[in-house]
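Novice: Dumping the structure here so I can ask a few things about it.
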Amino acid sequence: MSSRVIQKGTDVIPYLAGIYPQIYLIPQEGGNPLYRKIVLAGKDAPSHSLDHFQKDPGDLLTMEETPAGDVMAVTLISRSDFETMSQIMGHKCRNDRIPATEGASILDGVISWQKIRAHEASFRAEEAAKGNTDPDWDSEFKAFTSSKRNYTDALILLSSGPYSAITHEQAGFSETDWKKYSMIIRKTHECTHFICRRLFPEWIDPLWDELTADAVGIHAALGRYDQTLAELFLGIRDSRYVGGRLENYIRKEEEKTPEALDHTAARIHEVLNRFSAWISSETFRDPWDLAVRLEKKYPEWWKTI
82 MSSRVIQKGT DVIPYLAGIY PQIYLIPQEG GNPLYRKIVL AGKDAPSHSL DHFQKDPGDL
142 LTMEETPAGD VMAVTLISRS DFETMSQIMG HKCRNDRIPA TEGASILDGV ISWQKIRAHE
202 ASFRAEEAAK GNTDPDWDSE FKAFTSSKRN YTDALILLSS GPYSAITHEQ AGFSETDWKK
262 YSMIIRKTHE CTHFICRRLF PEWIDPLWDE LTADAVGIHA ALGRYDQTLA ELFLGIRDSR
322 YVGGRLENYI RKEEEKTPEA LDHTAARIHE VLNRFSAWIS SETFRDPWDL AVRLEKKYPE
382 WWKTI
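So, in structure tokens, the structure goes:
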């Protein structure tokens, strides 16, 4: 795992706002009306105030190197800041409620006008060097933006609270250790989503994605897999659903009945038995090796149960 610090402390949110000016907007019910102009048309925000954020000395912005490419990870210490940033960047500046069990999110495909303008400057400079003083930027813009990878970023938002809103007593660790482990699990979990969704786009499945990402995060934090902890995160006990994150990944109302949730919990328990036996019998170069190899188990371990 390779991680490079980009910015620290109270400068993190201002730094991000310099790249994504929609961060200057205040989330509103139904969305801030200026959001589309800033994100889709590259307009500047009318105000550069960030008073809607607390900003903390412990905030951190890093660049994470993965087999699927680099991704920025933003850790915000204040829960309020995390929720506001999530509303702006992940909910199109709507003041939607962010569940207490949601401590992270991955945003893959964030438009960066900084990248677009940098390419425009480079294009115009190259054309000027050829003696072309009136280059066709409109055509070049269409060509450049025909591939999303050219003008979008991947961004991971991370909070600093206990992972999955599980207390250190519930997890069975000291408060200090659980805070440290939570941060490792959370960042590794989201990086695993980034890797698997980019390398295996045909296998995107909300529940499987969570099982895999939690497994990789737990292994990265503890150096081993802990099935009891994985089930605690989702709200599973004795192969039954007792309330937790599991409901967050189920979209159909008919699959949220107590009977349906218990059925899903039993299915997950069986799959995690396989996780536990296999992971304990293998060695891995790094968390990403585990992520890729575990993802390849999807057709056999999830789709056939």
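First residue of the sequence shown: 82, per the numbering used here; consecutive thereafter. Every residue, glycine too, gets a C-beta built ideally from N, C-alpha and C.
1. According to the neighbour-count rule (16 or more other Cβ atoms, all chains shown, within 10 Å of its Cβ), is H129 buried or exposed?
2. Which residues in the same chain have their Cβ closer than 7 Å to the Cβ of K173, if we skip the five residues on either side of it in sequence?
3. So, with DSSP's three-state summary, where would you put T233?
4. Return yes when at least one heavy atom of the ligand MN lies under 6 Å from the C-beta of H300, else no.
5. When we look at the beta-carbon of E312 and count the other beta-carbons within 10 Å, is it buried (16 or more) or exposed?
6. Residues in the same chain with beta-carbon distance under 8 Å from R205, minus the five sequence neighbours each way, listed in chain order, please.
7. Return the residue from the list G212, D307 and A181 that minimises the CA-CA distance to G253.
8. So what's T248 in DSSP terms, helix, strand or just coil?
9. Given a cut-off of 7 Å on the beta-carbon distance, is the pair G316 and G325 in contact?
10. Ignore the nearest five residues each way along the sequence and tell me which others in P31's own chain have a CB closer than 8 Å to its CB.
11. What's the gap between the Cα of A341 and the Cα of R318?
12. For E291, which residues does DSSP report across the bridge?
13. Give the secondary structure of L115 by DSSP, where H, G and I count as helix, E and B as strand, and everything else as coil.
14. Quick one: what does DSSP say V152 is sitting in, helix, strand or coil?
15. Which residue spans inside the segment 155-230 form an unbroken beta strand (DSSP E) run of at least 3?
16. Assuming I247 contacts F314 under a Cβ cut-off of 8 Å, what Cβ separation, rounded to an integer in Å, is found between them?
17. Entirely within the segment 319-357 and at least 3 residues each: give me those beta strand (DSSP E) ranges in chain order.
18. Where does Q109 fall in DSSP's three states?
19. Taking C-alpha atoms, which residue in G190, S240, L236 and T273 lies nearest to A372?
20. Is the separation between the beta-carbon of G242 and that of T269 shorter than 7 Å?
21. What did DSSP end up calling R267 once you bin it into helix, strand or coil?
22. Can you grab the Cα-Cα spacing for the pair H133 / G99, in whole Å?
23. Would you kindly work out how many angstroms separate the C-alpha atoms of P127 and M264, rounded to a whole number?
24. Report the residue from T156, P148, S186 and R230 whose alpha carbon sits nearest the alpha carbon of G139.
25. Looking at V152: is its Cβ nearer than 7 Å to the Cβ of A235?
26. If you run the structure through DSSP and keep just helix, strand and coil, what is E363?
27. Looking at the structure shown, is L142 part of a helix, part of a strand, or coil, going by DSSP?
28. Within 10 angstroms of the Cβ of G190, are there 16 or more other Cβ atoms? Answer buried if so, exposed if not.
29. Give me the residue from V352, L238 and E256 with the minimum Cα distance to D290.
Specialist: From the atom records:
1. exposed
2. In the same chain as K173, and ignoring 5 residues on each side of it, the C-beta atoms closer than 7 Å to its own belong to G112 and Y116, in chain order.
3. strand
4. Annotation note on the ligand MN: not contained in the displayed structure, which lists no ligands.
5. buried
6. Apart from the 5 residues on each side of it in sequence, R205 sits with its Cβ closer than 8 Å to the Cβ of P216 and W218 in its chain, given in chain order.
7. D307
8. coil
9. Yes; because the gap between Cβ atoms is below 7 Å, this pair is in contact.
10. No answer is possible for residue 31: the residues shown for the chain start at 82 and end at 386.
11. In a straight line, the C-alpha of A341 is about 15 Å away from that of R318.
12. Partner(s): none; E291 has no beta bridge.
13. coil
14. DSSP places V152 in strand when its eight states are reduced to three.
15. 185-192
16. Between I247 and F314, the beta carbon gap of about 6 Å places them in contact (Cβ cut-off 8 Å).
17. none
18. In the three-state DSSP reduction, Q109 falls in the strand class (E or B).
19. T273
20. no
21. helix
22. CA-CA distance, H133 to G99, rounds to 16 Å.
23. 35 Å
24. The option with the nearest alpha carbon to G139 is T156.
25. yes
26. Of the three classes helix, strand and coil, the one that applies to E363 here is coil, per DSSP.
27. If DSSP states are grouped into helix, strand and coil, L142 belongs with the strands.
28. exposed
29. V352
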